Amino acid sequence: MLEAGTPRDPGLPIRDGTSLTGAQCRTLYRRQLDSRLLDIAARWLRERDEGFYTIGSAGHEGNAAVAAALRPGDPALLHYRSGAFYLTRSEQAGRLPEQGIRDVLLGLTASSEEPIAGGRHKVFGHPDLAVIPQTSTIASHLPRAVGVAFAIERARSLGVPSAWPEDAIAVCSFGDASINHASAQTGFNTAAYATYQGLGMPLLFVCEDNGIGISVRTPKGWVEAAVRRPGIEYFAADGCDLAETYDVAVRAVEHVREHRSPAFLHLRTVRLMGHAGSDVESAYRTQREIKADLARDPLLRTAAMLVEAGLETPDELLKQYELAREHILLLAQETARRPRLGSATEVMETIAPRKPELIAKISPMAASPAVREKAFAGSLPENAKPLTLSESINRTLADALAVYPELTVFGEDVGKKGGVYGVTKGLQKRFGPGRVFDTLLDEQAILGLALGQGVSRLLPVPEIQYLAYLHNALDQIRGEGSTLSFFSRGAYTNPMVVRVAGYAYQKGFGGHFHNDNAVAALRDIPGLVIASPARPDDAAAMLRTCLAAARTAGSVCVFLEPIALYHTRDLFEDGDGGWLAPYAPPSRWAETHVPIGKARSYGDGRDLTIVTFGNGVRMSLRAAVRLTQEGYGCRVLDLRWLAPLPIDDLLRSAELTGSVLIADETRHSGGVSEGIIAELLDAGFTGKVARVTSADSFIPLGPAADHVLLSEEEIEQAARKLLG
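Per my numbering, the sequence shown starts with residue 32, numbered consecutively.
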């Protein structure tokens with residue numbers, strides 16, 4: 032048995048060569064102990080069928096020292112082995128130790144009283160602790176963490192409010208196996224890229240390296256070799272030695288805070304108790320390996336340090352353990368009896384909380400006349416000639432930049448060049464590179480910057496250059512953006528409007544990466560708003576609506592812009608200007624407001640409704656005119672919103688004519704038309720329904736694309752067939 036040494040003053044270092052005091056060590060040990068006992072409670076609850084999560088922090092309790100080296104206001108994005116960090120942060124913020132313990136237990140038992148996710152997941156998060164909940168564990172939070180660090184500096188330089196103190200630093204933790212994920216590489220590369228250019232990036236990466244990812248070993252030396260990058264300072268410590276971890280973490284934090292540049296803290300840890308409760312380690316690890324990790328148990332090593340310093344005796348520590356164990360298991364029993372989510376409505380209420388009346392009130396906001404005059408250099412868009420779709424979006428972005436000082440516009444080529452299609456042309460010159468800027472060529476990085484800015488109370492408007500490119504980073508929208516409100520009960524949100532140049536029909540330019548008509552993966556994301564304007568006037572009003580929804584409710588919006596209609600001017604004949612529209616002055620923005628999920632109807636025919644969107648609107652209007660000339664009464668319904676679909680307007684138009692033709696430029700399988708038909712059937716529509724779509728094909732180069740894309744002629748032929 033260990034024997035206590037000569038007692039040290041608790042206010043002095045716990046041992047020679049460290050800055051960790053005895054008092055700090057004692058406090059951190061108790062948080063380490065609580066974390067370990069919570070892991071035991073998780074398995075105990077699972078055995079009783081009263082708990083639902085068993086991935087624990089055993090072996091990683093050294094991260095308590097990382098929390099101690101930080102400030103309570105430093106935003107933290109933590110992985111699932113951060114129990115001791117969370118409990119330490121909770122106490123740092125002035126909460127009683129029991130409060131942090133209850134938070135975790137309520138998460139384990141999926142109680143609706145759990146303070147962050149409300150029973151939807153077991154996560155580490157709390158709005159009062161600057162801990163942003165992360166449900167993914169495979170490094171998808173690293174691009175967002177880079178965005179948070181970027182936002183701290185950008186908010187300060189712009190002089191706008193932020194969710195974090197001006198001198199805050201961001202911290203994100205992850206496992207060794209996660210560094211191999213593409214999203215992790217994006218995080219490291221973007222941080223280094225920004226620092227290389229002299230941009231502030233106050234971010235601490237914390238890799239807790241236990242040498243194994245579930246059952247796959249990480250080669251020795253790989254972490255250090257893989258993460259060495261210019262501009263990112265490397266620090267390493269034995270994560271099982273609390274004093275060493277604290278000292279190195281303090282140095283790493285000081286470096287980040289002082290230099291406003293990133294650091295990588297590499298903690299060598301162990302994994303005890305397996306990956307999760309169902310994991311049988313002996314199936315892939317030898318007894319020798321398991322025993323070697325047990326010998327490095329950070330809890331026992333901290334206990335030994337306290338004994339050697341004469342601050343505790345083995346008997347006292349054992350008594351503390353038994354008392355704490357009894358207390359936590361009693362709390363576990365109690366939390367297992369707390370209420371759980373009781374209905375689908377209750378589960379879903381935090382997915383996309385929106386207040387249409389507030390959005391309608393905010394969307395007409397404009398800068399003062401003097402500010403607008405300056406922003407547009409005296410040439411107000413409402414006094415100009417009718418605009419194309421591209422021009423209308425450009426002027427709306429300018430108006431938004433003028434009224435919202437926290438708004439940023441960014442992406443590949445959007446700055447000096449003004450985008451591939453000129454949509455953002457001139458905005459950087461007028462509003463400066465601090466608000467309109469180019470990014471590196473990485474969609475995960477672009478959306479990560481947006482996520483970090485949004486959660487930091489900026490209003491990001493990122494651009495994805497082509498719809499096909501969005502799929503490179505879809506999980507930044509699905510697994511990070513759209514889930515945050517759901518898993519934080521709205522305490523944290525991701526306000527953002529993602530502009531995407533999309534769809535097909537580009538003449539003389541193409542290939543499946545520049546012409547893409549696949550939106551199914553977007554429509555599958557709960558709560559995501561998908562706007563799809565076809566006309567210039569709709570684009571302006573709908574963009575204002577999306578910005579208002581993001582600003583008032585933290586909505587994640589995707590704004591799909593039809594590339595082929597960007598510069599279209601005519602509708603029926605060359606020179607008719609039928610696809611141009613005047614820019615409404617601010618005095619008319621309220622009356623031209625387009626609510627989310629509100630369609631637009633053209634014509635008053637009673638024989639046929641053509642339901643469409645995007646490029647299909649122009650094609651359908653042209654077909655409808657020819658059909659009308661032949662005596663058929665047609666109307667065209669532009670959905671405008673692909674999620675949520677404008678169901679009421681759809682049903683109203685369908686019932687008026689009794690016949691519906693869906694002209695869908697997306698694919699036959701997985702396209703928008705499938706959802707429209709399902710909604711009509713669910714509502715009991717008994718009229719005639721038909722659809723024409725693009726083929727289930729990638730889009731080839733040049734004229735070959737015409738063979739697989741929906742055409743005007745196909746719409747007209749299908750309409751004639753439906754009309755008999």
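From the three backbone atoms N, C-alpha and C, an ideal C-beta is built for every residue, glycine too. Computed from a predicted model, the values in this text were never measured in an experiment.
- For residue 375, the enclosing alpha helix (DSSP H) begins and ends at 375-379.
- For the set 473, 281, 273, the Cα lying nearest the Cα of residue 266 is the one of 281.
- Scanning 153, 147, 460, 49 for the CA closest to the CA of residue 82 turns up 153.
- In this structure, DSSP gives residue 68 a helical state, which the three-state scheme calls helix.
- Counting only runs of 3+ residues, the beta strand (DSSP E) found wholly inside the segment 611-695 occupies 631-633, 639-643, 665-669, 672-674, in chain order.
- Just measuring C-alpha positions, the residue of 117, 58, 46, 580 sitting nearest residue 490 is 580.
- Comparing C-alpha distances from residue 225 to each of 244, 380, 182, 193 shows the shortest one belongs to 182.
- In chain order, 382, 383, 513 place their CB closer than 6 Å to the CB of residue 558, counting only its own chain and leaving out the 5 sequence neighbours on each side.
- The shortest C-alpha to C-alpha distance from residue 179 to any of 108, 691, 261 is the one to 108.
- Judged by beta-carbon spacing, residue 69 lies beyond the 8 Å limit of residue 274, meaning their Cβ atoms are not closer than that value.
- Counting other Cβ atoms within 10 Å of its Cβ, residue 414 stays below 16 and is therefore classed as exposed.
- Taking a C-beta distance under 8 Å as the contact criterion, residue 532 and residue 649 do not qualify as a contact pair.
- Leaving aside the five residues that flank residue 504 on each side, the residues in its chain whose CB is nearer than 6 Å to its CB run, in chain order, 474, 475, 478.
- Within the segment 416-486, the runs of beta strand (DSSP E) at least 3 residues long that lie entirely inside it are, in chain order, 438-442, 467-469.
- The C-alpha of residue 49 lies about 18 Å from the C-alpha of residue 296.
- The shortest C-alpha to C-alpha distance from residue 264 to any of 278, 287, 249, 270 is the one to 287.
- In this structure, residue 711 and residue 739 do not form a Cβ contact; the two beta carbons are roughly 26 Å apart against a cut-off of 8 Å.
- Taking 4 residues as the minimum length, the alpha helix (DSSP H) runs contained wholly in the segment 238-273 are 253-258, in order along the chain.
- Rounded to the nearest whole angstrom, the CA to CA distance from residue 279 to residue 542 is 52 Å.
- Each of 253, 165, 435 was checked against the Cα of residue 578, and the nearest Cα belongs to 435.
- With contact defined as three or more Cβ pairs closer than 8 Å, the segment 357-369 and the segment 383-399 are not in contact.
- Taking a 10 Å sphere around the C-beta of residue 43, we find fewer than 16 other C-beta atoms and assign the residue as exposed.
- If you look at residue 494, you'll find it isn't in any alpha helix (DSSP H); it sits in the beta strand (DSSP E) that goes 490-495.
- Here residue 207 is near residue 254, since their CB atoms are less than 8 Å apart.
- Residue 638 and residue 746 have their C-alpha atoms some 15 Å from each other.
- The beta carbon of residue 229 lies closer than 7 Å to none in the same chain, with the five residues before and after it left out.
- Taking 8 Å as the cut-off, the Cβ atoms of residue 591 and residue 600 do not count as close.
- Under the Cβ criterion (8 Å, minimum of three pairs), the segment 149-166 counts as touching the segment 518-532.
- Residue 105 sits in coil when the DSSP states are folded into three classes, being neither helix nor strand.
- With respect to the C-alpha of residue 210, the residue from 104, 56, 256 having the closest C-alpha is 256.
- Residue 329 and residue 272 have their C-alpha atoms roughly 6 Å apart.
- As computed with DSSP, residue 719 is found in a beta bridge with 690.
- A Cβ-Cβ separation of about 6 Å places residue 537 in contact with residue 594 under the 8 Å criterion.
- Three or more beta-carbon pairs drawn from the segment 53-72 and the segment 351-361 are found closer than 8 Å, and the two stretches are therefore classed as touching.
- In this model, residue 116 and residue 488 are separated by some 25 Å (Cα to Cα).
- Leaving aside the five residues that flank residue 620 on each side, the residues in its chain whose CB is nearer than 6 Å to its CB run, in chain order, 395.
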